[in-house]
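In what follows, a single structure is set out as structure tokens and then discussed.
Protein chains: 2
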Amino acid sequence: MADTRERFIDAATRAFAERGFYGTSIANIAESLPFTKQALLHHFGSKEKLYAEVLTRISERLMRDLAAAGTETSDASERFENVFVNILRASLENSDDTRLLMRELLDNKRRAESARTWYLAAFLDTLTDLARDALGDGAPARSLALVYQLLGAINYFVVSRPTLAQMLGAKTFDELSTAYEHELRSLITSRLGVADEP
Amino acid sequence: MADTRERFIDAATRAFAERGFYGTSIANIAESLPFTKQALLHHFGSKEKLYAEVLTRISERLMRDLAAAGTETSDASERFENVFVNILRASLENSDDTRLLMRELLDNKRRAESARTWYLAAFLDTLTDLARDALGDGAPARSLALVYQLLGAINYFVVSRPTLAQMLGAKTFDELSTAYEHELRSLITSRLGVADEP
DNA sequence: TACGCTACTTACCATTCGGTAAGTACAGGG
DNA sequence: CCCTGTACTTACCGAATGGTAAGTAGCGTA
Numbered sequence: 060m061a062d063t064r065e066r067f068i069d070a071a072t073r074a075f076a077e078r079g080f081y082g083t084s085i086a087n088i089a090e091s092l093p094f095t096k097q098a099l100l101h102h103f104g105s106k107e108k109l110y111a112e113v114l115t116r117i118s119e120r121l122m123r124d125l126a127a128a129g130t131e132t133s134d135a136s137e138r139f140e141n142v143f144v145n146i147l148r149a150s151l152e153n154s155d156d157t158r159l160l161m162r163e164l165l166d167n168k169r170r171a172e173s174a175r176t177w178y179l180a181a182f183l184d185t186l187t188d189l190a191r192d193a194l195g196d197g198a199p200a201r202s203l204a205l206v207y208q209l210l211g212a213i214n215y216f217v218v219s220r221p222t223l224a225q226m227l228g229a230k231t232f233d234e235l236s237t238a239y240e241h242e243l244r245s246l247i248t249s250r251l252g253v254a255d256e257p
Numbered sequence: 060m061a062d063t064r065e066r067f068i069d070a071a072t073r074a075f076a077e078r079g080f081y082g083t084s085i086a087n088i089a090e091s092l093p094f095t096k097q098a099l100l101h102h103f104g105s106k107e108k109l110y111a112e113v114l115t116r117i118s119e120r121l122m123r124d125l126a127a128a129g130t131e132t133s134d135a136s137e138r139f140e141n142v143f144v145n146i147l148r149a150s151l152e153n154s155d156d157t158r159l160l161m162r163e164l165l166d167n168k169r170r171a172e173s174a175r176t177w178y179l180a181a182f183l184d185t186l187t188d189l190a191r192d193a194l195g196d197g198a199p200a201r202s203l204a205l206v207y208q209l210l211g212a213i214n215y216f217v218v219s220r221p222t223l224a225q226m227l228g229a230k231t232f233d234e235l236s237t238a239y240e241h242e243l244r245s246l247i248t249s250r251l252g253v254a255d256e257p
């Protein structure tokens, strides 16, 4: 059944996000559902192929989210800011995906071919165009750098949340969580508000 | 010999950074040196203990670097900016360490007790104090959020470099690399240059 | 010369891993 | 009623893993 496949992909996403590709065994994934690992192999053929399906589903969602955002306003700066706030919210909401993609980023140099970066390339292209409109200057590397810095600010935070929660204590952690989006907006608007020196 | 220990820790740092804790076998580490895995076990007792020594050595370097920076100037904003540029340079220079710490961040929720966050706590404390001085406002959560965003901007970039190099091609990648520090400075100075609304 | 210590090695082991082989149960169609 | 395909299961396998046991070689000391 297609439903069983989906359940496997769900469980695999959680497991891979939590323990990484090598820290996760297919038996482990299957045991979190009422199936054996052979059922998993029946549907996906191999661990690698299951992982590929997990990645595909995540990048499809990313592109869908990105396409949905960025059409709310005509002001370039405002649009830029809103797009990144949307990315922050989506990344927080799908933190398993975010963690898994961070692991993939760390691993994919080794995981050979890794033409798997296509989703990132499309992502960056779109965002860099938005950045150029918002910055209004000509150097494409600057736009790309800014985009990457903001993605880093977002993803690193999402990935750190469990550690931060434990380290900071509930009160400070809650304050940080609520401050984060506001502070991200400040960072973006202030950056967009100043002229660049060459 | 102490030298053999150091060589094991060096090799382990590279291996753990590249493949992660679970993707690395102690036999693999030993094979990259003219020793057997039993020599490794003789010196460190277990894989976990070796990993702990690797982490300890990294966090000691981090604290040393941080203590060395931040004393160059008396102006709070300038000091803040310089500290983060120093962190960027050090993270790039020790990219294995950066990658390994990113993996640890992803793993340590699971790796139980993980009182291993102490180095991060001290790091954040120091940086947040600098941020408060530079921002000149009272909300500690804002300072912490800003610090974390800049750390994210730095670490995410360092970790992504192999992927970016492959994805962007040599020319664009070089442009991005040289633009990154400049753009980070722009991000910081512009953020410090505007007043906060509550 | 004997002793103990450090720095290793070879041999071995139980467990876990991803994957294959060979089935069982059942549904739908001719 | 049989045939075929799907969705699984139990049984099994070779390779790799972390770790233990039991050495061996060399050095410093009494």
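Residue numbers (the working numbering), protein chains in the order written: chain B, 60 to 257; chain F, 60 to 257. Positions of the beta carbon are idealized from the N, C-alpha and C atoms, including for glycine.
About 4 Å separates the beta carbon of B/A212 from that of F/G211, a gap short enough to meet the 8 Å contact definition. Between the alpha carbons of B/R123 and B/R158 lies a gap of roughly 19 Å. Looking only at B/L189, B/S245, B/H101, B/L151, the smallest Cα-Cα distance to B/Y207 is reached by B/L189.
With distances taken between CA atoms, F/F139 lies nearest to F/T187 out of F/A200, F/T187, F/Y215. Less than 9 Å divides the Cβ of F/T83 from the Cβ of F/A71. As the crow flies, the alpha-carbon of B/A135 is around 30 Å from that of F/A229.
Collapsing the DSSP output to three states places F/L189 in a helix.
Among the residues facing chain F, B/I213 is included, as its CB has a counterpart in that chain under 9 Å away. Each residue's CA atom was taken as its position, placing B/L223 and F/L164 some 10 Å apart. About 6 Å separates the Cβ atoms of B/F67 and B/H102, confirming a contact at the 8 Å cut-off. For a Cβ distance threshold of 7 Å, residue set L164, L165 of chain F lies close to B/V218, ordered along the chain. Taking CB atoms only, F/Y110 has no neighbour in chain B less than 9 Å away. Residue contact with chain F for B/K106: absent (no Cβ-Cβ distance below 9 Å to any residue of chain F). Using a Cβ-Cβ cut-off of 8 Å, B/S249 is close to S249, R250, G252, V253 of chain F, given in chain order.
F/F232: member of the alpha helix (DSSP H) spanning 229 to 252, first to last residue.
Looking at the backbone, the Cα of B/I247 and that of B/L99 are separated by about 45 Å. Our two residues, F/A76 and F/P93, have alpha carbons roughly 21 Å apart in a direct line. Between B/A204 and F/E242 the beta-carbon gap is near 4 Å, inside 8 Å, which marks them as a contact. Put simply, the CB of B/L246 is near chain F, with a gap under 9 Å to one of its CB atoms. Here the alpha carbons of B/N141 and B/E131 stand approximately 9 Å from one another. Per DSSP, the unbroken alpha helix (DSSP H) holding B/E152 starts and ends at 135 to 152.
Straight through space, the alpha carbons of B/G104 and B/L227 are spaced by roughly 43 Å. F/Y81 reaches chain B at R78, G79, F80, Y81, G82, T83, counting residues in chain order whose Cβ is nearer than 9 Å. Linking B/L194 to B/S202 through their CA atoms gives a straight-line distance of about 7 Å.
Going by DSSP, F/T115 is part of the alpha helix (DSSP H) stretching over 106 to 127. F/K168: not part of any alpha helix (DSSP H); DSSP gives it neither H nor E.
Ranked by how close their Cα comes to the Cα of B/R244, the residues B/R120, B/L179, B/R148, B/T231 have B/R148 in first place. About 6 Å separates the CB atoms of F/L121 and F/Y178; that is less than 8 Å, so the two are in contact. At a cut-off of 9 Å between beta-carbon atoms, B/T63 makes no contact with chain F. Taking 9 Å as the cut-off, the Cβ atoms of B/L160 and B/N87 do not count as close.
Secondary structure at F/E131: coil, using DSSP grouped into helix, strand and coil. Under the criterion of beta carbons closer than 8 Å, B/F216 and B/L125 do not qualify as touching, at roughly 19 Å. Taking C-beta atoms under 8 Å as the contact rule, F/S154 and F/R220 qualify, at a distance of about 7 Å. The CB of B/K168 comes closer than 7 Å to the CB of P221, T222 in chain F, given here in chain order.
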